[in-house]
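Going down the list, the protein sequences come from chains X and Y. Counted the way the numbering used here counts, the first sequence spans residues 429 to 603. Counted the way the numbering used here counts, the second sequence spans residues 29 to 504. Cβ atoms here follow ideal geometry from the backbone N, Cα and C, with glycine treated the same way. In what follows, a single structure is set out as structure tokens and then discussed.
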Amino acid sequence: MSDKKILFGLFDDETVLLSAVKKVRAEGFKIHDCLTPFPVHGLDDAMGLRMTRLHSAGFIFGATGTLTALTFILWVTTNNYPINYGGKPYLSLPAWIPITFELTVLFASVGMFLTYLFLNRLAPGIKPVILDERITSHLFAMTFDIDAATSEEKKEQIRAVLRDCGAVEIHEKDI
Amino acid sequence: MFVSPLREPLIQGHKTYQQISDDICAPVEAKPSKAWMLATTFAGLVALNGFVMIGLTITYGIGMWGLNKTVGWAWDITNFVWWIGIGHAGTLISAILLLFRQKWRTGVNRSAEAMTIFAVICAGMFPIIHMGRVWLAFFIFPYPNTRGPVWSNFNSPLLWDVFAISTYFTVSLLFWYTGLIPDLATIRDRAKTAFRKKMYNIACFGWTGTAKNWQRFESLSLVLAGLSTPLVLSVHTIVSFDFATSVIPGWHTTIFPPYFVAGAIFSGFAMVLSLMLVVRKVFNLQEYITLSHIESMNKIIILTGSIVGVAYITELWTAWYSQNQYEQYAFLNRSTGPYWWSYWGMMTCNVISPQLFWIKKLRRSIVFTFFMSIFINVGMWFERFVIIVTSTHRDYIPSSWTMYYPTYVEMFIYIGTIGFFMFLFLLFAKLAPVIAVAEVKAILKTAGDQYTGEHAVHPETYHKEKLAVEGDLGGH
């Protein structure tokens with residue numbers, strides 16, 4: 429284990445956390461992260477997080493699906509093994525729309541889900557650092573990156589501002 | 029955020045976040061009860077019997093069923109369409125109602141999505157076993173082969189169905205699991221034993237709930253909802269194409285896609301109600317699945333049931349107006365022929381009974397809703413039987429007219445899938461929270477009864493606080 433540590437304050441309400449985030453940032457402290465039991469609206473803005481680009485990835489996956497379906501069916505029906513089905517044209521685009529649509533949705537969903545797991549570092553067998561077991565249930569955490577070199581004075585400042593903002597508990601944890 | 033005072037609270041009992049975790053996780057953490065063990069064993073045995081019958085079918089062939097030259101599709105496809113239809117409510121609740129920002133979906137979406145997945149599993153078995161030579165089932169997928177290669181027919185609705193249903197299953201599974209990950213993490217962190225912690229950590233993929241995780245979670249949920257909405261409509265549309273693109277009187281109608289989709293949602297909500305009314309009682313979750321939730325679902329039943337009713341009558345009218353004697357006979361035969369009882373069973377269960385929900389007292393009655401949900405499921409099964417069997421058993425040449433009777437093998441396969449469905453649902457209810465814990469917490473401040481409704485205790489202070497914070501952030 430490295431000498432990295434996490435200093436964190438626990439809050440019991442998301443409105444308190446939201447105003448705390450704002451205040452802590454205004455005072456010039458760098459928040460490492462916030463952990464919450466459910467998605468808190470406005471938290472990413474308050475923390476100054478960039479909008480996720482996951483949905484753009486979804487669009488690219490979807491477009492790949494559309495193109496895959498269209499080019500593949502086109503190649504099969506007009507080039508590789510054309511079959512005359514009841515005198516209909518080999519290139520019968522309207523009949524391909526259902527499969528093209530399904531593959532678009534399939535590629536977009538599977539691609540996005542895997543990207544989501546990758547970006548969030550989620551996978552079976554990953555052992556996360558659990559700061560406090562109540563965070564996934566009812567407490568909201570604001571965390572700060574510190575290490576052995578961080579001065580006691582600096583830590584005290586962080587603790588003070590956390591207490592000031594309404595943190596119900598403040599802890600330190602090695603990671 | 030303004031909440032209309034007319035909206036009923038969706039979470040009762042002045043819950044705190046901790047209480048929500050406690051209440052919803054309690055059934056997962058308790059020791060399996062005797063009743064659960066009994067029910068699971070029973071459902072498992074029924075399923076096992078069904079699998080034995082499937083084994084008989086595969087061993088001796090489709091001759092074990094009552095099909096004949098005239099009626100080539102019967103219980104198998106009836107059951108297939110019935111199960112697929114039931115699955116649709118889960119996606120409607122989780123996707124379409126998410127896009128419409130219907131908060132009541134949070135109480136029922138998790139179980140409804142699980143129901144979707146299990147129903148699609150049951151549905152998918154039928155076309156496969158109907159193939160007879162199930163070991164050749166991979167023929168349905170386009171793959172390079174040494175026969176030309178002759179690819180599958182991309183212009184055929186049956187192939188579209190393969191793509192639609194496999195996509196539907198995959199996307200529903202991903203959607204369901206995305207929502208389940210944070211809730212499984214809640215269970216992991218509440219776990220008392222190391223083994224339990226370990227297993228749930230594997231299941232929740234090591235979720236911790238950082239701000240960035242949640243931001244991506246919201247983005248993924250929204251896009252998956254956006255994708256699932258047209259997907260769910262496409263799936264039953266394509267199922268209806270299996271019939272509508274044929275030239276069989278009674279099947280060859282353009283009304284089929286919307287009529288099938290409405291019927292699917294109708295039967296799906298009935299199944300959600302049948303299950304949830306039991307679950308909320310057994311797991312003591314009446315404060316999370318309230319009368320208001322039940323009423324909302326019953327309203328959707330009125331809507332979709334009425335669409336189905338109009339479709340039935342439109343079909344009759346079209347048969348008369350078209351002056352097509354085959355079409356006319358198909359409908360005359362449905363209502364007065366040897367299978368009249370299935371037609372009138374369908375009419376009673378699907379057209380008349382949902383209209384009773386116009387009466388507020390009835391749609392807020394739990395007992396009435398429960399019986400009605402069973403009626404609707406029976407009626408929707410009859411509907412598929414009517415469409416499939418009565419349209420084919422008397423075809424163009426009277427010399428080949430025949431009757432179809434199911435054999436015990438078919439009956440037990442059908443009963444077996446119901447057992448299998450219940451078995452999977454019971455396992456799910458024991459291993460994972462039946463209500464989306466995180467999502468319910470997220471609506472507490474706007475739909476909890478301490479914040480809204482007649483028993484609200486501190487709506488004023490809360491809203492002021494919230495407005496102050498949002499004002500500081502530049503308004504949202």
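Asked, Found
"Buried versus exposed call for Y/R244 [16 or more other C-beta atoms within 10 Å across all chains shown]", "buried"
"Y/G476 at chain X interface by Cβ criterion, 8 Å", "no"
"Euclidean distance between Cα positions of Y/A217 and Y/F197", "A small fix is needed here, since residue 217 of chain Y is Asp in this sequence, not Ala. Each residue's Cα considered, the two are about 30 Å apart."
"Residue burial classification, Y/V260 (beta-carbon count within 10 angstroms, cutoff 16)", "buried"
"Burial state of Y/A117 (16 or more Cβ within 10 Å)", "buried"
"Beta carbon proximity, X/F572 to chain Y, threshold 8 Å", "no"
"For X/H483: DSSP bridge partner residues", "In the DSSP output, where bridge partners are listed per residue, X/H483 has none listed."
"Y/T238, DSSP secondary structure in three states", "strand"
"Distance, X/A577 Cα to Y/F449 Cα", "58 Å"
"Residues of its chain near Y/G115, where Cβ-Cβ distance is below 6 Å and the 5 sequence neighbours each way are ignored", "T144, A147 and V148"
"Y/F413 - partner residues in DSSP beta bridges", "Partner(s): none; Y/F413 has no beta bridge."
"Cβ pair count under 8 Å reaching 3, the region 361 to 369 of chain Y against the region 290 to 307 of chain Y", "no"
"Contacts that Y/W235 makes with chain X (C-beta to C-beta distance below 7 Å)", "L550"
"Short-range partners of chain X found in the region 243 to 270 of chain Y, where Cβ spacing is below 7 Å", "Q243, R244, F245, E246, S247, L248, V251, L252, L255, L259, S262 and I266"
"Segment contact, 8 Å Cβ cut-off, at least three pairs: the region 218 to 230 of chain Y with the region 438 to 456 of chain X", "no"
"Nearest-angstrom beta carbon gap, X/Y518 and Y/W179 [assumed within contact, 8 Å]", "Not quite, the Cβ-Cβ distance comes to about 12 Å (not below 8 Å), so this is no contact."
"Host beta strand (DSSP E) of X/G437 (start-end)", "K432 to F439"
"Beta-carbon proximity list for X/A485, same chain, < 8 Å, skipping 5 on both sides", "G539, M540 and T543"
"Nearest candidate by alpha-carbon position, reference Y/F451, set Y/L127, Y/F203, Y/A142 and Y/T87", "Y/A142"
"Nearest-angstrom Cβ-Cβ length linking Y/I329 and Y/P277, presumed shorter than 8 Å", "That belief does not hold up - the Cβ atoms of Y/I329 and Y/P277 are roughly 30 Å apart, past 8 Å."
"Counted within 10 angstroms of its Cβ, other Cβ atoms place Y/R391 as buried (16 or more) or exposed", "buried"
"Environment of X/D378 [buried if 16+ CB atoms lie within 10 Å]", "The structure shown does not extend to residue 378 of chain X, since chain X is modelled only from 429 through 603, so no value can be given for it."
"Between the CA atoms of Y/V289 and Y/A123 - distance to the nearest angstrom", "15 Å"
"Interface residues of chain X facing Y/N39 [CB-CB closer than 7 Å]", "In the sequence on display, residue 39 of chain Y carries Ile and not Asn. Within chain X, no residue comes near Y/I39; the closest Cβ sits about 13 Å away, beyond 7 Å."
"Whether Y/D477 touches Y/H158 by CB criterion (8 Å)", "no"
"Pair within 8 Å by beta-carbon distance, Y/G89 and Y/G160", "yes"
"Rounded C-alpha distance that separates X/K516 from X/A523", "10 Å"
"Spatial neighbours of Y/F403 in its chain, beta-carbon cut-off 6 Å, leaving aside the 5 residues before and after", "C377 and S381"
"Y/F233 vs X/P552 beta-carbon contact at 8 Å", "yes"
"CB contact below 8 Å: Y/R129 versus chain X", "no"
"Spatially closest choice to Y/A292 from Y/A231, Y/K62, Y/L248 and Y/V406, by CA coordinates", "Y/V406"
"Residue-level contact to chain Y via CB, X/V538, 8 Å cutoff", "yes"
"Nearest candidate by alpha-carbon position, reference Y/S295, set Y/M408, Y/L164 and Y/E355", "Y/M408"
"DSSP-derived helix/strand/coil call for Y/D104", "helix"
"Simplified DSSP state of X/C593, which is helix, strand or coil", "helix"
"CB contact flag (Y/V251, X/H483, <8 Å)", "yes"
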